[in-house]
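Q: Right, I'll just put the structure down here and ask away after.
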Amino acid sequence: MSLKPPEQKSGHLVVPGERLGVIEEFIPDSGTYVKDGVIYSKIVGRSLVDLQNRRVSVYPAVEGVVVPKLSSTIVGQVGNAQSDNVLVRIFKVGNKRLSGDFGGILHISDVSDRYVNSMNEVCKPGDIIRAKVISEKNRIFHLSTNDKNLGVIDAFCSRCGNLLEPERFELRCPKCGNIEKRKMAPDYGKEEL
Ligand SMILES: [Zn+2]
51 MSLKPPEQKS GHLVVPGERL GVIEEFIPDS GTYVKDGVIY SKIVGRSLVD
101 LQNRRVSVYP AVEGVVVPKL SSTIVGQVGN AQSDNVLVRI FKVGNKRLSG
151 DFGGILHISD VSDRYVNSMN EVCKPGDIIR AKVISEKNRI FHLSTNDKNL
201 GVIDAFCSRC GNLLEPERFE LRCPKCGNIE KRKMAPDYGK EEL
């Protein structure tokens with residue numbers, strides 16, 4: 051088996067039979083197939099490499115590209131986190147999966163009506179959040195979770211990485227028992243991703 055490094059960037063146009071990576075490094079997802087340990091694209095589309103969950107998939111190239119707009123409801127994954135803001139990789143607008151991904155930012159002042167001490171209480175890297183686009187200044191999507199249907203919809207244990215389950219106003223890790231806090235959406239854990 052050759053050890054050519056995988057194309058670790060999302061949004062590339064790929065064709066059937068194009069190499070995406072190897073199964074030692076990635077979990078093959080939709081639009082891919084595996085032969086002799088190598089993951090290939092099954093379709094013409096855009097590759098989506100999820101480095102957090104080590105998944106690679108291909109989304110069909112569709113007409114009419116979906117991009118986030120002002121007041122769009124988006125779903126994204128939390129990336130780099132500071133105490134007063136987090137970066138979000140937007141991968142869904144409304145119910146539509148994006149063919150590439152877009153960067154967004156959620157600032158602490160746009161989290162909630164209530165005072166928030168630190169972004170650490172809101173979301174953590176790897177979490178999936180639903181938010182609204184409130185500005186697209188300088189091609190950066192500024193996000194807000196200040197509405198009752200917005201917030202974290204999937205969160206992962208910061209101790210063991212397992213998906214956290216809601217328990218009253220907190221989240222509990224079914225694997226290690228860790229208790230964590232997030233700004234949860236009311237339908238936490240229910241959205242099909
Ligand atoms: Zn855990």
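Just add 50 to the spot in the sequence shown (first one is 1) and you have my numbering.
Virtual Cβ for every residue (Gly too), placed ideally from N, Cα, C.
A quick note: this is a predicted structure, and the numbers were derived from the prediction, not measured.
Which first and last residues belong to the beta strand (DSSP E) in which Pro216 is found?
A: It spans Glu215 to Glu217 - the beta strand (DSSP E) in which Pro216 sits, taken as one unbroken run.
Q: Going by Cα to Cα distance, which pick from Phe141, Arg147 and Gly154 is closest to Ala131?
A: Looking at the Cα atoms, Gly154 is the closest of the given residues.
Q: When the Cα of Gly227 is compared with those of Lys233, Arg218 and Cys207, which residue comes out closest?
A: For Gly227, the nearest C-alpha among the options comes from Cys207.
Q: Among the candidates Asn145, Gly201 and Val64, whose CA atom is the shortest distance from the CA of Val136?
A: Looking at the Cα atoms, Gly201 is the closest of the given residues.
Q: Anyone know if the C-beta pair for Val183 and Ser122 falls short of 7 Å?
A: The answer is yes: Cβ separation under 7 Å.
Q: Using only alpha-carbon positions, find the residue among Leu243, Ile229, Ser91 and Ser80 that is nearest to Arg69.
A: Nearest option by C-alpha distance: Ser91.
Q: Quick test of your reading: Val116 and Gly126, contact by CB under 8 Å. State the CB separation rounded to the nearest angstrom.
A: Not confirmed; about 14 Å, so no contact.
Q: Short check: CB of Pro224 to CB of Glu230, under 7 Å?
A: The answer is no: Cβ separation not under 7 Å.
Q: Closest by CA to Val64, which one among Val84, Asn103 and Ser97?
A: Of the listed residues, the one whose Cα sits closest to Val64 is Ser97.
Q: Within its chain, find whatever has a CB closer than 7 Å to the CB of Ala235; leave out the 5 residues flanking it on each side and keep chain order.
A: Within the same chain, Ala235 has close Cβ partners Arg180, Asn199, Leu200, Gly201, Val202 and Ile203.
Q: According to DSSP, is Ile178 part of a helix, a strand, or is it coil?
A: Looking at Ile178 - three-state DSSP - the assignment turns out to be strand.
Q: To the nearest angstrom, how far is the alpha carbon of Gly81 from that of Glu241?
A: One C-alpha to the other measures close to 21 Å.
Q: Report back the beta-carbon spacing between Thr195 and Ser162 to the nearest angstrom; my notes put them in contact at under 8 Å.
A: Going by Cβ atoms, the distance from Thr195 to Ser162 rounds to 7 Å, so yes, they are a contact pair.
Q: How many whole angstroms separate the CB atoms of Gly67 and Val106, which I take to be in contact at a CB cut-off of 8 Å?
A: In fact, because the Cβ distance is near 15 Å, the residues do not count as touching under 8 Å.
Q: Look up Asp160 in the DSSP assignment and say whether it is helix, strand or coil.
A: Residue state, collapsed to three classes: helix.
Q: Taking 6 Å as the cut-off, does the CB of Arg222 come closer than this to any heavy atom belonging to ligand 1?
A: No, the Cβ of Arg222 stays beyond 6 Å of every heavy atom of ligand 1.
Q: Can you find the residues in the same chain that come closer than 8 Å, C-beta to C-beta, to Gly87, ignoring five residues on each side of it along the sequence?
A: If we look at Gly87 and ignore the five residues flanking it on each side, its Cβ neighbours are Met51, Val72, Ile73 and Glu74.
Q: Report the three-state DSSP secondary structure of Asn167 (helix, strand or coil).
A: In the structure shown, Asn167 sits in coil (DSSP, three-state: anything other than H, G, I, E or B).
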